[in-house]
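Scroll down for the structure; my scribbles are underneath it.
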Amino acid sequence: MKKHILLLGLCLSLSLSAKSVSDYKVGEELSDKEGVEYFKELSKRPVQEWPNKNLSINDVPKGKQGDLIRYGIELLSKTESTLGPYSKLKKTSNEVNCISCHMDNDGNGLPGTKKYVIPFLNVLNNYPRLDIETMKIISVEDRIRGMGGTDSHRFPNDSKEMKAILAYF
């Protein structure tokens, strides 16, 4: 009986010491063991269901928020000419449009909405996230900058462009 109580106490203390994904902070570096635990917890995050209707750019609301979302769509669709190294803003180093990989669905004008082709669905639930190359926790803004081959000085979190991309997500 004592063994069972001791074992129960040990199991309870181990479960209480596990970190949830939200306990990890951006910039925190994890060991391999902590990385394995992180991904176990990540699998418990909510997953956004795929919409049961065809999405359209006409679904974007009117007003200021809608304008910001449409600007985000433009940036993701025409990244090279709006944010790229030869654009007026020069926020990124890459000469590629995000929509080249994160495709729209049959010309609906919404990047990252083609099923099974690197969609943007659920992206906000997936960050902060462990970057397995650096074993550091990164934010969605870090990931956006990483895809653009840039840094936080050229493409800060509080820039209109970053806010527009996040509004679209």
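Straight run, no breaks: the sequence shown in the numbering used here ends on number 422.
C-beta: ideal position from N, C-alpha, C; glycine also.
Please read all numbers here as calculations on a predicted model, not as lab measurements.
Given residue i, which residues of its chain have a CB within under 7 Å of its CB, disregarding the five upstream and five downstream residues?
{"i": "Thr335", "result": "Glu327, Leu328, Leu342"}
Output needed for residue i: all residues of its chain with C-beta closer than 6 Å, excluding positions within five of it in sequence on either side, in chain order.
{"i": "Asn379", "result": "none"}
{"i": "Gln301", "result": "Leu374, Asn375"}
{"i": "Ile371", "result": "Cys354, His355"}
{"i": "Thr366", "result": "Leu308, Asp357, Asn358"}
{"i": "Ser340", "result": "Ser334"}
{"i": "Leu295", "result": "Val274"}
{"i": "Arg398", "result": "Phe408"}
Give me the DSSP bridge partner(s) of residue i.
{"i": "Glu216", "result": "Here the chain covers residues 254 to 422 and nothing more, so residue 216 does not appear."}
{"i": "Asp384", "result": "Lys389"}
According to DSSP, is residue i helix, strand or coil?
{"i": "Asp276", "result": "helix"}
{"i": "Tyr324", "result": "helix"}
{"i": "Tyr421", "result": "helix"}
{"i": "Gly319", "result": "helix"}
{"i": "Tyr369", "result": "coil"}
{"i": "Arg396", "result": "helix"}
{"i": "Lys297", "result": "coil"}
{"i": "Glu302", "result": "coil"}
Looking at C-alpha atoms only, which residue of the options is the closest neighbour of residue i?
{"i": "Val402", "options": "Ile322, Ile371, Glu333", "result": "In the sequence as presented, Val is not what sits at residue 402; that position holds Gly. Of the listed residues, the one whose Cα sits closest to Gly402 is Glu333."}
{"i": "Pro338", "options": "Phe408, Met415, Ile418, Lys416", "result": "Phe408"}
{"i": "Arg396", "options": "Ser284, Gly362, Gly280", "result": "Gly280"}
{"i": "Phe422", "options": "Gly360, Ile322, Ile352", "result": "Ile322"}
Excluding the five sequence neighbours on either side, which residues of its own chain have a C-beta within less than 8 Å of the C-beta of residue i, listed in chain order?
{"i": "Lys278", "result": "Pro381, Ile390"}
8 Å is my cut-off, CB to CB: does residue i come that close to chain B?
{"i": "Thr345", "result": "The structure shown has no chain B; it contains just one protein chain."}
Any chance you could list the alpha helix (DSSP H) runs of at least 4 consecutive residues sitting entirely within the region 327-365, in chain order? The region 327-365 is shown to contain whole alpha helix (DSSP H) runs of 4 or more residues at 332-335, in chain order.
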